[in-house]
């Protein structure tokens, strides 16, 4: 949600931002996967 630790990730470097984007995508994928089980 909006209160996630990623809320201010824009302050970080591009490398960190890419890592966080990947992590967010993985979390979204897992959430979608669980909704189908």
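Numbering (the working numbering), first residue to last: 21 to 57.
Just so it is clear, CB atoms sit at the ideal spot from N, CA and C, and this is done for glycine as well.
No experiment lies behind these values; they were computed from the predicted model shown.
Counting only the Cα atoms, residue 48 lies some 10 angstroms from residue 54. When the Cα atoms are used, residue 35 and residue 46 turn out to be separated by approximately 17 angstroms. In the structure shown, residue 57 falls within a coil segment according to DSSP collapsed to helix, strand and coil. In this structure, DSSP gives residue 33 a state outside helix and strand, which the three-state scheme calls coil.
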